[in-house]
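Participant: Have a look at this one before I ask anything.
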Amino acid sequence: MADTIVKPPTEDGISRAEMLDLFRLMLRIRRLEESVYRKFHEAKIGGYLHRYDGQEALVAGVIPQLQLPHDKILCTYRDHAHAIACGTTAGEMMAELMGRATGCARGKGGSMHLTDPDKGFLGGDGIVGGPIPVSVGVGYALKYTGSKNICVCYFGDGAMNQGGVHESLNMVGLYKLPVLYILENNRYAMGTALDRSTGQTDFVLKAKAHGIAGEVVDGMNVLTMREAANRAIEHIRTTGEAYFLDVECYRFVGHGVGDDNTGGQKFYRTEEEVDEWRQRDPILQLVRDLKQRGYISDEQIEAIEAEIKIEVDEAIAFAEASPEPPLDSLYENVFSE
Amino acid sequence: MAKMRYLQALRLAMTEEMERDPNVFILGEEVGQYQGTYRVTEGLLDKFGGNRVVDTPISEIGIAGMATGAAMVGLRPIAEFMTWSFAMSAMDQLVNHAAKITYMSGGRIKCPVVFRGPAGVGTQLSAQHSHSLEAWFAHTPGFKVAMPATPEDAKGLLKTAIRDNNPVIFMEHAGLYGSSGEVSEDPDFTVPFGVAAVRREGTDISLIGYSRGVQQSLKAADILAKDGISAEVIDLRTLVPLDMDTVLASIRKTHRAVVMQEEWRNAGFAAEIAARIYEQAFDELDAPIQRVAGADVPMPYAKNLERAAIPTENDIVLAARRALS
Numbered sequence: 001m002a003d004t005i006v007k008p009p010t011e012d013g014i015s016r017a018e019m020l021d022l023f024r025l026m027l028r029i030r031r032l033e034e035s036v037y038r039k040f041h042e043a044k045i046g047g048y049l050h051r052y053d054g055q056e057a058l059v060a061g062v063i064p065q066l067q068l069p070h071d072k073i074l075c076t077y078r079d080h081a082h083a084i085a086c087g088t089t090a091g092e093m094m095a096e097l098m099g100r101a102t103g104c105a106r107g108k109g110g111s112m113h114l115t116d117p118d119k120g121f122l123g124g125d126g127i128v129g130g131p132i133p134v135s136v137g138v139g140y141a142l143k144y145t146g147s148k149n150i151c152v153c154y155f156g157d158g159a160m161n162q163g164g165v166h167e168s169l170n171m172v173g174l175y176k177l178p179v180l181y182i183l184e185n186n187r188y189a190m191g192t193a194l195d196r197s198t199g200q201t202d203f204v205l206k207a208k209a210h211g212i213a214g215e216v217v218d219g220m221n222v223l224t225m226r227e228a229a230n231r232a233i234e235h236i237r238t239t240g241e242a243y244f245l246d247v248e249c250y251r252f253v254g255h256g257v258g259d260d261n262t263g264g265q266k267f268y269r270t271e272e273e274v275d276e277w278r279q280r281d282p283i284l285q286l287v288r289d290l291k292q293r294g295y296i297s298d299e300q301i302e303a304i305e306a307e308i309k310i311e312v313d314e315a316i317a318f319a320e321a322s323p324e325p326p327l328d329s330l331y332e333n334v335f336s337e
Numbered sequence: 338m339a340k341m342r343y344l345q346a347l348r349l350a351m352t353e354e355m356e357r358d359p360n361v362f363i364l365g366e367e368v369g370q371y372q373g374t375y376r377v378t379e380g381l382l383d384k385f386g387g388n389r390v391v392d393t394p395i396s397e398i399g400i401a402g403m404a405t406g407a408a409m410v411g412l413r414p415i416a417e418f419m420t421w422s423f424a425m426s427a428m429d430q431l432v433n434h435a436a437k438i439t440y441m442s443g444g445r446i447k448c449p450v451v452f453r454g455p456a457g458v459g460t461q462l463s464a465q466h467s468h469s470l471e472a473w474f475a476h477t478p479g480f481k482v483a484m485p486a487t488p489e490d491a492k493g494l495l496k497t498a499i500r501d502n503n504p505v506i507f508m509e510h511a512g513l514y515g516s517s518g519e520v521s522e523d524p525d526f527t528v529p530f531g532v533a534a535v536r537r538e539g540t541d542i543s544l545i546g547y548s549r550g551v552q553q554s555l556k557a558a559d560i561l562a563k564d565g566i567s568a569e570v571i572d573l574r575t576l577v578p579l580d581m582d583t584v585l586a587s588i589r590k591t592h593r594a595v596v597m598q599e600e601w602r603n604a605g606f607a608a609e610i611a612a613r614i615y616e617q618a619f620d621e622l623d624a625p626i627q628r629v630a631g632a633d634v635p636m637p638y639a640k641n642l643e644r645a646a647i648p649t650e651n652d653i654v655l656a657a658r659r660a661l662s
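So the protein sequences, as listed, match chains A and B. For the first sequence, my numbering gives the first residue as 1, with consecutive numbering after it. For the second sequence, my numbering gives the first residue as 338, with consecutive numbering after it.
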């Protein structure tokens with residue numbers, strides 16, 4: 001779409017073009033996520049399926065600020081957004097969800113294990129707390145080779161109750177490794193609320209207990225998120241030491257595809273609560289901001305929506321037209337050459 | 338060639354590979370300043386510095402994850418478990434991460450990491466410190482599993498493990514650390530994976546084992562020879578990949594076999610060997626395959642009970658006689 005008025009960067013240092021990029025990225029993630037349940041119910045996608053609706057700012061505010069592929073990303077099984085933000089195409093993502101040979105993990109990983117190492121994306125991890133021990137080694141390797149690059153490791157609030165997480169944070173604090181921890185604190189570990197799973201909900205305090213500085217961030221506002229991420233990244237690149245962001249956020253949909261409004265969700269949270277958080281939808285907040293600054297019109301939004309609809313449709317068409325992995329690939333990749 | 342102990346051969350392998358490749362580094366509990374719980378890494382901190390010989394907290398999950406993550410982005414870590422008994426704390430990082438990342442990524446991520454340390458039984462360490470867990474790891478696709486029986490193999494197999502682009506479970510035997518033998522000092526010397534060694538040729542029965550079981554089988558062969566029984570001793574060297582060709586060639590010659598393992602008998606690796614022989618050479622057998630293995634009990638402390646729980650060369654001799662009777 002054509003840029004009508006190009007304003008200089010605003011006081012918080014973000015330009016109109018950058019804001020539109022954030023909007024486009026978050027909306028792409030949202031629309032792609034909305035499409036995957038449909039494909040699941042058509043039996044085109046199997047397994048578990050975890051959507052990122054509501055948490056888009058946590059990737060949009062961080063990943064575009066990195067130097068990919070030299071910086072490295074690790075995340076949880078709720079990983080579609082991270083792959084897209086790293087530059088995995090919608091088609092490669094959708095093909096992976098559908099178990100096709102053209103998927104970013106060649107159909108061997110599926111929704112929980114999207115992987116795109118050429119873009120710095122080391123993949124989604126199906127084990128709660130699983131990526132944090134791995135981040136110790138990624139961070140160690142980046143430091144060992146003398147680079148100024150960092151590892152960004154996403155994980156959920158449920159992971160904070162896994163033993164290995166504390167072993168690993170202790171080692172990262174001890175060795176002073178360049179890792180940015182992003183706690184996707186959406187308040188529920190599957191269906192278990194924060195205050196039902198830990199006696200200490202101050203997660204920054206827990207990071208500090210391991211020698212890692214950190215702060216709480218409003219993850220429902222992408223500009224706030226971006227500003228905090230920029231500071232954290234700068235801190236890590238300058239000092240070489242880790243930083244911990246406890247990011248307040250909320251997932252608008254259930255934990256996974258089985259957790260809709262007729263599933264467990266109705267037992268652990270109320271519709272009113274979900275509606276309240278939806279008022280803070282990061283995409284709506286950004287649209288309001290863009291409009292207040294005169295950066296976007298309804299027509300421009302519609303045009304972007306139309307572009308994204310084409311991208312989603314084409315991704316689905318690409319995946320559906322792609323072959324399944326050949327059967328003789330079953331035993332391939334157990335080992336590397 | 339030089340005469341050296343098994344643990345010195347391990348140290349030599351690591352020293353040579355660290356000199357050859359700056360991406361190789363060691364991490365583990367007490368590997369640096371303390372010089373290694375069993376002295377395997379003695380002197381390496383002074384030689385290579387703290388970035389390459391990393392003392393860790395007592396955090397096996399962290400150690401396994403750190404090694405895995407570093408391997409995923411191009412380093413070649415050697416992670417020492419103080420004993421394999423402690424690796425159980427790290428099973429998720431080992432099995433769900435190190436062993437699977439290559440497959441889960443469709444081959445796009447390599448994980449060249451060695452997990453090494455002592456296993457084995459026999460010094461009254463009782464129930465929690467007396468494990469050999471090779472069957473668990475051999476069971477898991479994605480791991481290679483090496484278990485050297487001699488000082489020369491300790492060096493040659495470890496060098497191959499470090500150069501391999503996959504996670505390697507390298508199980509040493511604490512009871513072999515002090516054993517001596519001739520070892521090549523050639524830095525290009527390696528022992529390939531998946532090639533079993535015939536340690537002694539024979540015609541009447543095949544004694545198949547790995548790690549310390551090979552040494553016990555050789556002693557058993559000496560005893561059997563006094564009765565005119567010619568036993569062939571096969572050292573598997575690596576359980577994954579497994580050299581069945583050498584095993585089957587031996588079976589075709591002797592038509593009888595004893596398979597020896599130190600770990601628990603139930604669902605152990607000897608059963609896998611026996612099953613493969615039955616599948617692939619049933620008609621060659623003149624007698625049921627005999628298994629010699631550890632007793633299916635948590636290792637007792639009392640010396641007499643421990644001795645009763647551990648397989649010996651006499652157990653191999655008795656098993657051979659059963660097969661030959």
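We put the CB at the ideal spot given by N, CA and C, even for glycine.
1) Strictly by DSSP, which residues pair up with T76(A)?
2) E367(B) to H235(A), Cα distance in whole Å?
3) For a contact defined as C-beta to C-beta under 8 Å, what are the partners of G479(B) on chain A?
4) Is the beta carbon of T700(B) less than 8 Å from the beta carbon of A456(B)?
5) For the 8 Å Cβ check, are there 3 or more pairs between the stretch 114-124 of chain A and the stretch 288-299 of chain A?
6) Grab the span of the alpha helix (DSSP H) containing N170(A) for me, first residue to last.
7) If S469(B) sits next to M636(B), beta carbons under 8 Å apart, how far is it from one beta carbon to the other, in whole angstroms?
8) Considering just the uninterrupted stretch of the alpha helix (DSSP H) at L183(A), what are its terminal residues?
9) Just the Cα atoms here: how many angstroms apart are Q627(B) and A562(B)?
10) For the stretch 432-459 of chain B, enumerate the residues whose C-beta is nearer than 7 Å to any C-beta of chain A, in chain order.
11) Alpha carbon to alpha carbon, how far is R536(B) from A436(B)?
12) Which term fits Y52(A), buried or exposed, when burial requires 16 or more other beta carbons within 10 angstroms of its beta carbon?
13) Classify R78(A): buried if its beta carbon has 16 or more other beta carbons within 10 angstroms, exposed otherwise.
14) Beta carbon of M190(A), beta carbon of G158(A): below 8 Å?
15) State yes or no: is the C-beta of T575(B) within less than 8 Å of the C-beta of F526(B)?
16) Against N502(B), what residues of chain A qualify as contacts under a CB-to-CB distance less than 9 Å, listed in chain order?
17) Helix, strand or coil: which one does DSSP assign to I316(A)?
18) List the DSSP bridge partners of M341(B).
19) Using a Cβ-Cβ cutoff of 8 Å, what residues of the stretch 405-424 of chain B are near chain A? List them in chain order.
20) Is there a Cβ of chain A sitting closer than 8 Å to that of S517(B), yes or no?
21) For V450(B) and V432(B), what's the separation of their Cα atoms in angstroms?
22) Closer than 8 Å, CB to CB, is Q370(B) near chain A or not?
23) Tell me where the alpha helix (DSSP H) around V136(A) begins and ends.
24) Answer yes or no: does any C-beta atom of chain A fall closer than 8 Å to that of A491(B)?
25) Which chain B residues are close to K108(A), counting only those with a beta carbon under 7 Å from its beta carbon?
26) So if DSSP puts G479(B) in a beta bridge, which residue, or which two residues, is it bridged to?
27) So, using beta-carbon positions, are V577(B) and K481(B) closer together than 8 Å?
Facilitator: Let me lay it out:
1) In the first sequence, the residue the question calls residue 76(A) occupies position 76. Looking at the DSSP assignment, T76(A) forms a beta bridge with D125(A).
2) Indexing the second sequence from 1 puts residue 367(B) at position 30. Indexing the first sequence from 1 puts residue 235(A) at position 235. So the alpha carbons of these two residues sit roughly 32 Å apart.
3) For the purposes of this step, residue 479(B) is taken as the residue at position 142 of the second sequence. In chain order: V334, F335.
4) This structure does not reach residue 700(B), given that chain B is present from 338 up to 662, and the question cannot be answered.
5) no
6) Counted from its first residue, the first sequence places residue 170(A) at position 170. N170(A) -> alpha helix (DSSP H) spans 163-175.
7) The residue labelled residue 469(B) in the question sits at position 132 within the second sequence. The residue labelled residue 636(B) in the question sits at position 299 within the second sequence. The pair is not a contact, with the Cβ atoms about 11 Å apart (cut-off 8 Å).
8) Here residue 183(A) refers to the residue found at position 183 when the first sequence is read from its first residue. It is not in any alpha helix (DSSP H) - L183(A) instead sits in the beta strand (DSSP E) that spans 179-185.
9) Locating residue 627(B) in the second sequence gives position 290, where the first residue counts as 1. Locating residue 562(B) in the second sequence gives position 225, where the first residue counts as 1. So the two alpha carbons sit approximately 19 Å from each other.
10) N433, H434, T439, Y440, M441, S442, G443, G444, R445, I446, K447
11) What you label residue 536(B) is simply residue 199 of the second sequence in a count that begins at 1. What you label residue 436(B) is simply residue 99 of the second sequence in a count that begins at 1. C-alpha separation (whole angstroms): 31 Å.
12) Sequence index remark: in the first sequence, residue 52(A) carries index 52 (1-based). Label assigned to Y52(A): buried.
13) In the first sequence, counting from the first residue as 1, residue 78(A) sits at position 78. R78(A) should be labelled buried.
14) Along the first sequence, one-based indexing puts residue 190(A) at 190. Along the first sequence, one-based indexing puts residue 158(A) at 158. Yes; because the gap between Cβ atoms is below 8 Å, this pair is in contact.
15) The residue given as residue 575(B) occupies position 238 in the second sequence. The residue given as residue 526(B) occupies position 189 in the second sequence. No.
16) Locating residue 502(B) in the second sequence gives position 165, where the first residue counts as 1. Within 9 Å Cβ-Cβ: F335, S336, E337.
17) Counting from one through the first sequence, the residue named residue 316(A) turns up at place 316. In the structure shown, I316(A) sits in a helix (DSSP, three-state: H, G or I).
18) As a working note, residue 341(B) is residue 4 in the second sequence. DSSP output for M341(B) lists G518(B) as bridge partner(s).
19) T405, G406, A407, A408, M409, V410, G411, L412, P414
20) By 1-based counting over the second sequence, the position of residue 517(B) is 180. It does not; no Cβ of chain A falls within 8 Å.
21) Taking the second sequence and counting its residues from 1, one reaches residue 450(B) at position 113. Taking the second sequence and counting its residues from 1, one reaches residue 432(B) at position 95. Distance between the alpha carbons of V450(B) and V432(B) is about 13 Å.
22) Taking the second sequence and counting its residues from 1, one reaches residue 370(B) at position 33. False, the Cβ-Cβ gap to chain A never drops below 8 Å.
23) Locating residue 136(A) in the first sequence gives position 136, counting from the first residue. Element bounds for V136(A): 131-144.
24) Along the second sequence, one-based indexing puts residue 491(B) at 154. Chain A contact via Cβ: absent.
25) Your numbering for residue 108(A) matches position 108 in the first sequence. Y440, M441, G443, listed in chain order.
26) Counting from one through the second sequence, the residue named residue 479(B) turns up at place 142. DSSP lists no partner for G479(B).
27) Along the second sequence, one-based indexing puts residue 577(B) at 240. Along the second sequence, one-based indexing puts residue 481(B) at 144. Cβ distance < 8 Å, so V577(B) and K481(B) count as in contact.
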